[in-house]
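Worksheet: the structure to be examined is printed underneath.
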Ligand SMILES: Cc1ncc(C[n+]2csc(CCOP(=O)(O)OP(=O)(O)O)c2C)c(N)n1
Ligand SMILES: [Mg+2]
């Protein structure tokens with residue numbers, strides 16, 4: 439066990455993958471000698487040489503398309519998109535090729551490749567540096583979408599992503615890059631893809647969250663505990679594949695559920711989760727499944743991002759509205775009255 | 023990726039100011055520019071046989087659309103010199119990254135015609151095995167395949183293999199960003215890839231003049247540091263000679279190469295298109311006189327390489343091939359709806375398993 443930051447854990451995962459699998463390659467913008475703008479690839483070019491970790495010309499479709507061709511040719515590329523919003527030029531490559539090649543070729547060609555995307559806000563970034571773009575990828579059949587919330591998960595989920603036979607969109611919550619935690623590098627504890635983690639047990643309501651929202655959920659649970667409310671916290675870890683089983687068993691137990699996502703709410707991952715819970719747990723539910731999310735606005739300027747981001751209070755307000763006293767949800771009724 | 027310090031001079035990259043040509047429209051030989059040898063007689067005869075077969079196959083495929091056996095077919099009639107030379111210039115261990123237009127090229131590559139037509143019949147998105155044939159699935163999102171070709175070329179180079187990758191693209195596709203990213207990446211990586219632009223003068227309805235103001239599409243390579251050439255795309259001898267040189271250039275470590283072939287799409291964009299809405303029939307008729315197959319036939323006859331028996335036997339083989347294609351395409355393929363779930367991931371997710379079960383119950387209900 440060693441305490442390290444998520445950034446260090448990701449760096450260790452890349453390093454170990456490059457060491458153990460000669461087919462693995464790292465490339466992208468500024469990932470070489472600089473080590474990436476977030477230093478996730480720090481030291482890799484030095485240790486493994488320019489052939490294994492290299493800077494590409496600026497062109498995101500080019501980066502992803504090159505990875506497609508190299509994966510077809512037997513390599514395992516791990517590419518970095520510099521920021522969430524700068525992955526959009528690559529979207530055609532991702533949606534039309536990365537996601538579909540196995541299916542188009544009836545499994546004769548597969549794409550064992552990873553697209554790492556630092557995403558979401560909370561770091562005071564100016565526009566185009568803080569988008570929560572996970573729903574675009576999760577909505578695209580053929581992509582696995584992974585987002586760790588702890589350094590240990592960051593290490594193991596990235597190792598799993600690189601070893602996976604299918605393409606993985608690896609979404610790194612950039613505000614958690616510098617968060618510290620215990621890691622089990624040599625002695626795996628972490629679960630694999632498609633397995634959510636119950637980070638905290640509770641009987642009164644379930645908070646379902648992922649990536650950047652996990653610390654918020656845990657803090658909310660801690661605060662609620664002071665008031666005698668025991669909240670269970672489920673960390674999805676992988677959005678695709680989705681772990682219905684863990685989510686369902688938690689909500690069936692608690693009977694109440696709040697879904698938390700930092701992204702804008704409309705048509706987001708949280709909506710999917712709420713629908714799935716409602717479809718599977720209807721008779722166990724004592725209250726509507728509520729969503730806590732960012733607002734349906736373009737990501738705000740840094741001085742206003744605190745108004746946008748779901749925080750502990752917004753989560754606790756939602757918990758309050760879970761009809762513990764059997765009152766209707768005034769928040770939603772108020773909207774209709776006006 | 024190693025950083026290359028030497029820069030090439032423009033002179034070494036520039037295409038010929040006029041398209042390279044070996045054979046005039048009337049089939050007479052003209053003096054080609056230096057540096058491009060006339061391909062060997064046997065290769066030219068092989069190309070002739072393949073062109074005859076390719077044209078017959080193309081006509082058969084168009085007929086199959088009328089019989090409802092193909093959902094859609096983009097014909098390459100008039101582009102046979104490019105289709106055939108494009109694959110004849112390659113070795114078996116080289117890779118091809120084709121577009122939807124390349125059915126004739128893929129048949130010429132030796133892929134089973136029914137497998138080639140599987141996409142257009144609607145049976146699956148790609149009917150052949152890309153690994154066994156070293157042909158990527160036919161690509162529809164314009165220009166996106168060109169960057170994959172660079173990646174494959176880079177993969178081959180890293181594995182120490184001397185394979186070359188041929189990326190097919192149309193004139194319209196050269197306006198797409200991915201084409202430019204691919205050229206730049208290929209040049210920076212010094213990848214063994216040949217970009218082969220079939221300039222058939224139209225992108226569906228949009229004529230070349232509205233597509234590009236470049237002096238020729240071949241000049242698009244220069245800015246990226248890529249050696250480029252333009253060729254008369256209806257002159258098989260020229261296309262084969264230039265592509266062979268381009269492939270050799272890439273294979274021997276010269277880096278990428280861009281070839282623009284000036285040709286013409288004789289039919290509509292696909293059977294579903296009405297070309298009379300955007301071009302004069304007079305224009306199409308003028309191109310009939312530049313027909314690549316008639317031109318090669320005249321040239322080979324005048325050189326004494328082709329006699330009437332050889333012509334007849336090429337046509338005989340083409341008829342037999344077309345008959346086989348027709349018969350095989352007239353049989354209904356076996357379709358398995360559950361295959362829809364089989365290849366999304368290596369292992370289906372629990373959700374896909376549930377959806378498969380749902381479809382199974384729907385199908386059972388339909389049977390009852
Ligand atoms: C990205 C993208 N945009 C639009 C289309 C629709 N489309 C299909 S073919 C075509 C014209 C392409 O022309 P060109 O590159 O000259 O090739 P040709 O069809 O003439 O062989 C268009 C616009 C597409 N397939 N992909
Ligand atoms: Mg065209």
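Residue numbers (the working numbering), protein chains in the order written: chain A, 439 to 776; chain B, 23 to 390.
No residue lacks a Cβ here, since even glycine has one placed at the ideal position from N, Cα and C.
Span of the beta strand (DSSP E), counted from its first residue to its last, around residue 161 (chain B): In the second chain, the residue the question calls residue 161 (chain B) occupies position 139. Careful: residue 161 (chain B) lies outside any beta strand (DSSP E) and carries neither H nor E.
Residue 94 (chain B) and residue 294 (chain B) closer than 8 Å at C-beta: In the second chain, counting from the first residue as 1, residue 94 (chain B) sits at position 72. In the second chain, counting from the first residue as 1, residue 294 (chain B) sits at position 272. A contact, by the Cβ cut-off of 8 Å.
Residues in the stretch 151 to 171 of chain B having any Cβ partner in chain A nearer than 9 Å: 151, 152, 153, 154, 158, 159, 161, 162, 163, 166, 167, 168, 169, 170 and 171
C-beta atoms of residue 86 (chain B) and residue 351 (chain B) nearer than 8 Å: The residue you call residue 86 (chain B) lines up with position 64 of the second chain. The residue you call residue 351 (chain B) lines up with position 329 of the second chain. It is a contact, given that the beta carbons lie within the stated cut-off.
Local conformation of residue 556 (chain A) per DSSP, three classes: Numbered from its first residue, the first chain carries residue 556 (chain A) at position 118. If DSSP states are grouped into helix, strand and coil, residue 556 (chain A) belongs with the strands.
Positions along the stretch 533 to 546 of chain A whose CB lies within less than 7 Å of some CB in chain B: 534, 535, 540, 541, 542, 543, 544, 545 and 546
Sufficient close CB pairs (3 or more, under 8 Å) joining the stretch 61 to 72 of chain B to the stretch 212 to 224 of chain B: no
Through-space distance from residue 273 (chain B) to residue 503 (chain A), alpha-carbon basis: In the first chain, the residue the question calls residue 503 (chain A) occupies position 65. In the second chain, the residue the question calls residue 273 (chain B) occupies position 251. Approximately 22 Å, taken between the alpha carbons.
Residue 291 (chain B): CB within 7 Å of a non-hydrogen atom of ligand 1: Within the second chain, numbered from 1, the residue matching residue 291 (chain B) stands at position 269. Yes; taking the cut-off as 7 Å, the Cβ of residue 291 (chain B) has a heavy atom of ligand 1 nearer than that.
Short CB-CB distance (under 8 Å) between residue 80 (chain B) and chain A: Taking the first residue of the second chain as position 1, residue 80 (chain B) is located at position 58. Not an interface residue.
Residue 224 (chain B) CB to nearest heavy atom of ligand 2 below 7 Å: Here the question's residue 224 (chain B) lines up with position 202 in the second chain. Indeed, a heavy atom of ligand 2 lies less than 7 Å from the Cβ.
Uninterrupted alpha helix (DSSP H) stretches inside the stretch 662 to 748 of chain A (no shorter than 4 residues): 682 to 692, 707 to 719 and 743 to 746
Contact list for the stretch 504 to 517 of chain A against chain B, Cβ threshold 7 Å: 504, 505, 506, 507, 508, 510, 511, 512 and 513
Same chain only: Cβ atoms within 7 Å of residue 489 (chain A), ignoring 5 sequence neighbours per side: Sequence index remark: in the first chain, residue 489 (chain A) carries index 51 (1-based). If we look at residue 489 (chain A) and ignore the five residues flanking it on each side, it has no Cβ neighbours.
Proximity below 8 Å, CB of residue 71 (chain B) to CB of residue 336 (chain B): Walking along the second chain from the start, residue 71 (chain B) turns up at place 49. Walking along the second chain from the start, residue 336 (chain B) turns up at place 314. Yes. Within cutoff.
Contiguous beta strand (DSSP E) assignments of at least 3 residues, all confined to the stretch 272 to 325 of chain B: 279 to 284
Contact set for residue 541 (chain A): own chain, Cβ-Cβ below 7 Å, skip 5 residues either direction: To locate residue 541 (chain A), count along the first chain from 1; it is residue 103. Cβ within range, chain order: 580.
Distance, residue 132 (chain B) Cα to residue 260 (chain B) Cα: For the purposes of this step, residue 260 (chain B) is taken as the residue at position 238 of the second chain. For the purposes of this step, residue 132 (chain B) is taken as the residue at position 110 of the second chain. Their backbone Cα atoms lie some 23 Å apart in a straight line.
Segment contact, 8 Å Cβ cut-off, at least three pairs: the stretch 510 to 521 of chain A with the stretch 541 to 559 of chain A: yes
Interface flag, residue 680 (chain A) vs chain B, CB-CB below 8 Å: The count along the first chain starts at 1 and reaches residue 680 (chain A) at position 242. Yes, contact with chain B.
Backbone CA spacing between residue 547 (chain A) and residue 539 (chain A) [nearest angstrom]: As a working note, residue 547 (chain A) is residue 109 in the first chain. As a working note, residue 539 (chain A) is residue 101 in the first chain. Near 7 Å, if we compare the C-alpha coordinates of residue 539 (chain A) and residue 547 (chain A).
Integer Cβ distance of residue 531 (chain A) from residue 121 (chain B), believed to fall under 8 Å: One-based indexing of the first chain puts residue 531 (chain A) at position 93. One-based indexing of the second chain puts residue 121 (chain B) at position 99. Contact flag wrong, Cβ pair sits at about 16 Å.
Cutoff 8 Å; reference residue 322 (chain B); Cβ partners in own chain excluding five residues on either side: Along the second chain, one-based indexing puts residue 322 (chain B) at 300. Counting only Cβ-Cβ distances below 8 Å, and skipping sequence neighbours, we find 66, 67, 70 and 328.
Own chain partners of residue 141 (chain B) with C-beta closer than 7 Å, once the 5 adjacent residues on each side are dropped: Position 119 of the second chain, counted from the first residue, corresponds to residue 141 (chain B). The answer, listed in chain order, is 147, 148, 149 and 160.
Neighbour list for residue 548 (chain A) in chain C, Cβ cutoff strictly below 8 Å: The displayed structure is made up of protein chains A and B, and chain C is not among them.
Same chain only: Cβ atoms within 6 Å of residue 776 (chain A), ignoring 5 sequence neighbours per side: Here residue 776 (chain A) is taken as the residue at index 338 of the first chain, counted from 1. A caution first: residue 776 (chain A) carries a pLDDT of 45, below 50, which makes its placement in the model too unreliable to give a value.
Chain A contact for residue 204 (chain B) (CB, 8 Å cutoff): Taking the second chain and counting its residues from 1, one reaches residue 204 (chain B) at position 182. Output row for residue 204 (chain B): interface = yes.
Simplified DSSP assignment, three categories, for residue 117 (chain B): As a working note, residue 117 (chain B) is residue 95 in the second chain. Of the three classes helix, strand and coil, the one that applies to residue 117 (chain B) here is strand, per DSSP.
Assumed close pair residue 759 (chain A), residue 692 (chain A) - CB separation to whole angstroms, cut-off 8 Å: Walking along the first chain from the start, residue 759 (chain A) turns up at place 321. Walking along the first chain from the start, residue 692 (chain A) turns up at place 254. So it is not a contact: roughly 15 Å between Cβ atoms.
Near ligand 1: residue 239 (chain B) beta-carbon under 7 Å from a heavy atom: For the purposes of this step, residue 239 (chain B) is taken as residue 217 along the second chain, with counting starting at 1. The answer is no for residue 239 (chain B).
Span separating the alpha-carbon of residue 439 (chain A) from that of residue 594 (chain A): Within the first chain, the letter at position 1 stands for residue 439 (chain A). Within the first chain, the letter at position 156 stands for residue 594 (chain A). Straight-line Cα distance between these residues: approximately 14 Å.
Beta-ladder partner(s) of residue 173 (chain B), from DSSP: What you label residue 173 (chain B) is simply residue 151 of the second chain in a count that begins at 1. Note: residue 173 (chain B) sits in no beta bridge, so no partner.
At least three beta-carbon pairs within less than 8 Å, the stretch 739 to 756 of chain A to the stretch 693 to 710 of chain A: yes
Closest Cα partner of residue 35 (chain B) within the set B:195, B:262, B:368 and B:245: Walking along the second chain from the start, residue 35 (chain B) turns up at place 13. Answer by Cα proximity: B:245.
Residue 384 (chain B) to residue 359 (chain B) span [Cα, whole Å]: Here residue 384 (chain B) refers to the residue found at position 362 of the second chain. Here residue 359 (chain B) refers to the residue found at position 337 of the second chain. So the alpha carbons of these two residues sit roughly 11 Å apart.
Bounding residues of the beta strand (DSSP E) (the contiguous stretch that carries residue 192 (chain B)): Numbered from its first residue, the second chain carries residue 192 (chain B) at position 170. Looking at the DSSP string, the run of the beta strand (DSSP E) that includes residue 192 (chain B) is 187 to 192.
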